[in-house]
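See below for the structure under consideration.
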Amino acid sequence: MEKNMTEKEFLAAIQAEDTVPYGLANDYMFHAVLQSSEEALKGLLSALMYIPEAEILSCTVLNPIMLGDVINEKTCILDIRVLLNGNRQINLEMQMGDISNWTDRSVFYLCKMFTDLEQGEDYTDTKTSVHIGILNRTPLPEDAAFYNEYALLNRKSGYEFNGKFILRVLDLSYLDKVTEEERNTPLYYWASVFKAQTWKELMILAEKSESIKKAVLKLHELTGEEKIRLQCEARERYWMDWQSSMKASRKEGREEERKNTEYEKKRADKAEEQVKKLRELLEKNGISLKE
Numbered sequence: 495m496e497k498n499m500t501e502k503e504f505l506a507a508i509q510a511e512d513t514v515p516y517g518l519a520n521d522y523m524f525h526a527v528l529q530s531s532e533e534a535l536k537g538l539l540s541a542l543m544y545i546p547e548a549e550i551l552s553c554t555v556l557n558p559i560m561l562g563d564v565i566n567e568k569t570c571i572l573d574i575r576v577l578l579n580g581n582r583q584i585n586l587e588m589q590m591g592d593i594s595n596w597t598d599r600s601v602f603y604l605c606k607m608f609t610d611l612e613q614g615e616d617y618t619d620t621k622t623s624v625h626i627g628i629l630n631r632t633p634l635p636e637d638a639a640f641y642n643e644y645a646l647l648n649r650k651s652g653y654e655f656n657g658k659f660i661l662r663v664l665d666l667s668y669l670d671k672v673t674e675e676e677r678n679t680p681l682y683y684w685a686s687v688f689k690a691q692t693w694k695e696l697m698i699l700a701e702k703s704e705s706i707k708k709a710v711l712k713l714h715e716l717t718g719e720e721k722i723r724l725q726c727e728a729r730e731r732y733w734m735d736w737q738s739s740m741k742a743s744r745k746e747g748r749e750e751e752r753k754n755t756e757y758e759k760k761r762a763d764k765a766e767e768q769v770k771k772l773r774e775l776l777e778k779n780g781i782s783l784k785e
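Note that the working numbering has the sequence shown beginning at 495, numbered continuously upward.
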């Protein structure tokens with residue numbers, strides 16, 4: 495916030511601006527904003543975990559990044575791992591890219607987090623672990639919903655086997671399909687923040703809660719830092735290049751499949767022609783082949 499400027503004046507100045515260059519759907523900006531604003535992080539965790547903010551006594555980011563430093567675009571995982579109230583591990587993943595392998599990958603990450611025990615600790619010391627994917631579409635179309643939770647359950651009785659191992663999916667593409675009841679919830683407001691494209695949209699949402707307001711203010715502050723913008727741009731470029739590469743690979747795969755199909759067809763036609771010639775030759779010599 496600029497000096498000699500009240501928060502009200504600052505918010506009004508933000509609202510006068512246009513498109514948000516890099517919103518919270520950018521995984522780098524998502525990590526940067528939430529590790530920089532504890533109040534915003536508490537608000538988001540409250541919405542995702544259905545916990546009143548007053549009951550969140552601590553939320554420690556276990557994997558902070560050095561803001562502005564160049565990251566390895568191919569290997570750096572920008573999920574946010576949080577220790578909530580000292581006894582729950584939460585992994586927040588903002589994923590706007592390809593999710594074709596998300597179900598297997600998310601279980602893998604959740605298993606690693608759940609089994610992260612120190613030497614000498616007992617199995618009973620494992621902390622409740624929750625992996626939350628904020629995705630641009632559902633990885634399970636047959637089970638699509640705004641916000642789904644998956645856990646270890648008895649398939650027959652529905653009894654929960656272990657409440658320590660949980661996967662949740664927030665599907666942003668489902669935002670327009672939620673019920674009226676769901677629209678008036680903190681989770682809906684936060685999902686709308688992730689989808690917002692303009693500062694005007696964000697300022698309207700900032701009036702819904704103090705934590706969202708803090709997130710918007712921090713977003714605007716970090717947007718003004720060139721080194722942050724460069725890293726956000728690098729992440730977007732990486733995902734665009736990756737998607738382009740995958741599209742080209744699929745195209746090459748289809749072309750190769752087409753060539754293989756043509757080759758097999760030619761082989762089959764050739765074999766059929768050879769059988770036909772052999773049949774004709776045998777018949778000329780008075781030999782009849784039974785069908």
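C-beta: ideal position from N, C-alpha, C; glycine also.
Classification of residue i by the beta-carbon crowding that lies within 10 angstroms, buried from 16 upward
i	result
proline 483	Since the first and last residues shown for the chain are 495 and 785, residue 483 lies out of range.
alanine 709	buried
proline 633	buried
phenylalanine 602	exposed
alanine 685	buried
phenylalanine 655	exposed
arginine 729	buried
valine 687	buried
leucine 578	buried
leucine 604	buried
threonine 717	buried
leucine 696	buried
alanine 534	buried
lysine 707	buried
Residue span of the alpha helix (DSSP H) that contains residue i, given as start and end
i	result
methionine 607	596-608
threonine 554	No alpha helix (DSSP H) holds threonine 554; the beta strand (DSSP E) holding it covers 553-555.
glutamate 695	693-700
lysine 707	704-717
lysine 536	532-543
lysine 689	680-689
Inter-residue Cα distance where the pair is residue i and residue j
i	j	result
isoleucine 571	threonine 609	19 Å
asparagine 595	lysine 658	23 Å
glutamate 636	alanine 765	44 Å
methionine 734	glycine 591	9 Å
arginine 761	leucine 772	16 Å
threonine 692	glutamate 756	51 Å
valine 663	lysine 721	31 Å
leucine 724	glycine 562	8 Å
Extent of the continuous beta strand (DSSP E) run through residue i
i	result
glycine 652	Counting along the chain, glycine 652 falls outside any beta strand (DSSP E), and DSSP gives it neither H nor E.
glycine 627	622-629
Sheet register partners of residue i (DSSP bridge)
i	result
phenylalanine 659	Ser623
alanine 645	Ile660
valine 576	Val555, Ile584
glutamine 589	Leu629
threonine 673	Bridge partners of threonine 673: none, in fact.
threonine 513	Thr692
aspartate 665	Leu629
Exercise. Counting pairs of beta carbons, one from the region 696-706 and one from the region 520-527, are three or more of them closer than 8 Å?
Worked result: no
Exercise. Taking three-plus beta-carbon pairs below 8 Å as touching, is the region 622-633 in contact with the region 582-594?
Worked result: yes
For this session: Count the C-beta pairs between the region 609-618 and the region 665-682 that are closer than 8 Å, then say yes if the count reaches three, no if not.
Result: no
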